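**Student:**
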Amino acid sequence: GNDGLSEQSAWQGLKNVNSTEFQAGDSILFKRGGRWSGILKPGGSGSENNRIVISSYGDGEIPVFNAEGKKDPSDLMSATILLYNQEYWEIRDISVQNLEPGNPDKPVEKAGILVLAKDIGTLHDFQFINLVIRDVNGSLRTRTNGGLFLNVIADSIPGKRVPSNFDGIHVDNCHFLNVDRGGFLNQSFWRKRDMNTSFGENYASSAVNNWFPNHNVLIENSKFENVGGNGLVTRATESPVVQHNLFLRCSSKTTGNASYPYNCNNALWQFNEACYTVYNEGDVDASGFDSDYLCKNTIIQYNYSHHNEWGGLLVCSWGKVKGSFNDGTIVRYNVFQDEKHHMIRFSGNITNTEISNNLFITDSEIDDYMLWYKHWGDIWPDQTVIKDNIFYNLGKVRFLNLGETTNNQIVSNTLFGNSFI
116 GNDGLSEQSA WQGLKNVNST EFQAGDSILF KRGGRWSGIL KPGGSGSENN RIVISSYGDG
176 EIPVFNAEGK KDPSDLMSAT ILLYNQEYWE IRDISVQNLE PGNPDKPVEK AGILVLAKDI
236 GTLHDFQFIN LVIRDVNGSL RTRTNGGLFL NVIADSIPGK RVPSNFDGIH VDNCHFLNVD
296 RGGFLNQSFW RKRDMNTSFG ENYASSAVNN WFPNHNVLIE NSKFENVGGN GLVTRATESP
356 VVQHNLFLRC SSKTTGNASY PYNCNNALWQ FNEACYTVYN EGDVDASGFD SDYLCKNTII
416 QYNYSHHNEW GGLLVCSWGK VKGSFNDGTI VRYNVFQDEK HHMIRFSGNI TNTEISNNLF
476 ITDSEIDDYM LWYKHWGDIW PDQTVIKDNI FYNLGKVRFL NLGETTNNQI VSNTLFGNSF
536 I
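With my numbering, the residue at position 94 of the sequence shown is 209, and numbering never jumps.
(1) R150: buried (16+ other C-beta within 10 angstroms of its C-beta) or exposed?
(2) Cβ of G518 within 7 angstroms of Cβ of W495?
(3) Let's see if you can read the secondary structure: which residues bound the alpha helix (DSSP H) around K130?
(4) To the nearest angstrom, report how far apart L429 and N311 are at their CA atoms.
(5) Taking the straight line between their C-alpha atoms, what separation do you get for L238 and Y507?
(6) Let me know the secondary structure DSSP gives K338 once reduced to three states.
(7) I want to see whether chain B comes within less than 7 angstroms of N311, judged by CB atoms only; does it?
(8) Suppose contacts are defined by Cβ-Cβ distances below 7 angstroms. Is N472 in contact with R447 by that definition?
(9) Taking only three categories from DSSP, how would you classify Y376?
(10) Counting only runs of 3+ residues fully inside the region 172 to 248, write out the beta strand (DSSP E) ranges in chain order.
(11) Among all the DSSP beta bridges, which residues are the ones paired with H290?
(12) Would you call the CB atoms of S170 and D208 closer than 7 angstroms?
(13) Measuring alpha carbon to alpha carbon, tell me which residue in H290, T352 and S354 is nearest V342.
(14) First and last residue of the beta strand (DSSP E) that includes S462?
(15) Would you say W126 and N133 are within 7 angstroms of each other, going by their C-beta atoms?
(16) List the DSSP bridge partners of N252.
(17) Kindly give me the distance between the Cβ atoms of F180 and Q212, rounded to whole angstroms, as I take these residues to be in contact under 8 angstroms.
(18) Quick check on this structure: which residue in Y172, W433 and V512 has the alpha carbon closest to the alpha carbon of K455?
(19) Using 7 angstroms as the threshold, is the C-beta distance between F404 and I415 below it?
(20) Tell me the DSSP secondary structure of K275 in three-state form.
(21) Taking the C-alpha atoms as reference points, what is the distance between I424 and T466?
(22) I think W204 touches G161, with their Cβ atoms under 8 angstroms apart; what is that distance to the nearest whole Å?
(23) Would N464 be called buried (16 or more neighbouring beta carbons within 10 Å of its own) or exposed?
(24) Would you mind working out which of M458, L191, L129 and I481 sits nearest G510, comparing C-alpha positions?
(25) Okay, do the region 253 to 260 and the region 293 to 306 touch, 3+ Cβ pairs below 8 angstroms being the bar?
(26) Looking only at its own chain, which residues have a Cβ that is under 6 angstroms from the Cβ of G148, when we skip the five neighbours before and after it?
(27) Give me the residue from N329, Q201, A194 and L530 with the minimum Cα distance to A139.
(28) Expressed to the nearest angstrom, what Euclidean distance is found between the alpha-carbon atoms of P376 and F304?
(29) Rounding to the nearest angstrom, what Cα-Cα distance links K368 and D250 in this structure?
(30) I'd like to check one pair, I228 with L263: are the Cβ atoms closer than 7 angstroms?
(31) Give the DSSP-derived three-state secondary structure of K146 in the structure shown.
(32) Relative to the C-alpha of I235, which candidate in K435, G217 and D282 has its C-alpha closest?
(33) Identify the continuous beta strand (DSSP E) that holds I445 and give its terminal residues.
(34) Given this structure, state the Cα-to-Cα distance separating G315 from T392, to the nearest angstrom.
(35) Which residue from T370, Y417 and N418 puts its Cα closest to that of G397?
(36) Is C431 near the ligand SAM, judged by its Cβ being under 6 angstroms from some heavy atom?
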């Protein structure tokens, strides 16, 4: 019989894979040129420095997996590859789809790859290398489905809950194409906080801080193309790094900035390119980059943002959310070129934002101001520094609208080209 231990005795189909509890150091290899329909749910966990690997062998095109929108009754959503309370896995050199047939008007929530953690503590070391994640027609009604989704959930009974997170998520040289709603995204039950309290402390009179963030998240050298909503979102994470990625034509179907941290500390976005983000009628989000609310000390540097249809960058916080904040964002050494509507939008109760040593170039008419301040939740930005930037205007542009913001410093900037109107 086929014992799955050699090319000559390879398993046929996914049934044997899904019924096996794999051990540290095992490899699950699929033949190149092959296509598999259904859900891949292998069991087991690897160990430190000895992962379980899903990959390919042979010649030809990388193997393709497609759940076609199907899911088991107990599953949270449809996922082509599903890992549940497992760790030390490496998935590489395959193509993952989840295309529900018939192009339904209200598709089910789905993911290409779904990693779930529930009341387990910390799960370690997930590697996603050289993947093509494409053609995932997930739901546009929720921001928590799409290409690659890591989700920390919790029991409905409070006494059974265990603070849980991921430590070690690495995405390298992956292509996300035609996926809805997001490309890479994560979520966590353990996400509530304000700017000043620690785990277990009360804030905003009745809320309790339960922020238990992910660690060691690195997303690099990847392409996010024609994503229905957000290309990439990191949530509830300490010090995520997003670098050397291309975001092209994101938010192609619904509102969304191309990439951003939300509810993160010390996020670092660098050496990325974001372009041609699509504005949909009625949008408030369609920019290249975003420092979103509940973030501390975000750094956005050495990026190239151009031809996005609702600005290059958003820095925001929603004043009506209990404990909401966005403090200490630094935007430096970036190039913003030929954005539509505005260059940077400052929105809501953001504090201590610095915009320095950036180059802004436009040869077109911007519908609003190059630098646009607005309130969100009836609160305006406070303590913004704009210094040592170059603004090169070859079009017809209004420069700055401070609105009712407070404690601004605008110093040592260079403006040349056409006069601002």
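Every residue, glycine too, gets a C-beta built ideally from N, C-alpha and C. Predicted, not measured: the structure shown is a model, and the values here were computed from it.
**Tutor:** Put simply:
(1) Taking all protein chains in view, the Cβ of R150 is surrounded by fewer than 16 other Cβ atoms within 10 Å, so the residue is classified as exposed.
(2) It is a contact, given that the beta carbons lie within the stated cut-off.
(3) That run of the alpha helix (DSSP H) goes K130 to N133.
(4) Roughly 23 angstroms between the two C-alpha positions.
(5) Distance between L238 and Y507, taken at the CA atoms: about 48 angstroms.
(6) Assignment of K338 by DSSP, reduced to helix, strand and coil, places it in the strand class.
(7) Here there is only one protein chain, and chain B is not present.
(8) The criterion of a C-beta distance shorter than 7 angstroms is satisfied by N472 and R447.
(9) According to the sequence provided, residue 376 is Pro. The question's Tyr does not apply to it. Three-state result, P376: strand.
(10) Every unbroken stretch of the beta strand (DSSP E) spanning 3 or more residues and falling wholly within the region 172 to 248 is given here in chain order: 179 to 181, 193 to 199, 204 to 207, 210 to 213, 225 to 233 and 237 to 244.
(11) Beta-bridge partners of H290 (DSSP): V247 and K338.
(12) Cβ atoms of S170 and D208: closer than 7 angstroms.
(13) Considering only alpha carbons, the answer is H290.
(14) Looking at the DSSP string, the run of the beta strand (DSSP E) that includes S462 is I459 to G463.
(15) Contact annotation: W126 and N133 have beta-carbon atoms that are not nearer than 7 angstroms.
(16) For N252, which the question treats as bridged, DSSP gives the partners D295.
(17) 7 angstroms between Cβ atoms; contact.
(18) Of Y172, W433 and V512, the residue nearest in Cα terms is V512.
(19) Cβ distance < 7 angstroms, so F404 and I415 count as in contact.
(20) DSSP places K275 in helix when its eight states are reduced to three.
(21) Correcting the residue type first, residue 424 is Glu in the shown sequence and not Ile. Approximately 26 angstroms between the Cα atoms of the pair.
(22) Approximately 6 angstroms separates the beta-carbon atoms of W204 and G161; this is inside 8 angstroms, confirming the contact.
(23) Classification of N464: buried, given that the 10 Å Cβ count is 16 or more.
(24) Taking each of M458, L191, L129 and I481 in turn and checking the Cα distance to G510, the smallest one comes out for I481.
(25) Yes, they touch.
(26) G175 and E176, listed in sequence order.
(27) Residue Q201 is the option with its Cα nearest to A139.
(28) Straight-line spacing of the CA atoms in P376 and F304 works out to 16 angstroms.
(29) Roughly 14 angstroms separates the two Cα atoms.
(30) Yes; because the gap between Cβ atoms is below 7 angstroms, this pair is in contact.
(31) Strand at K146.
(32) Looking at the Cα atoms, D282 is the closest of the given residues.
(33) Under the DSSP assignment, I445 falls in the beta strand (DSSP E) whose first and last residues are I445 to R447.
(34) Going by the C-alpha atoms only, they are around 39 angstroms apart.
(35) With distances taken between Cα atoms, G397 lies closest to T370.
(36) Absence of the ligand SAM is noted for the structure shown, with no ligands found whatsoever.
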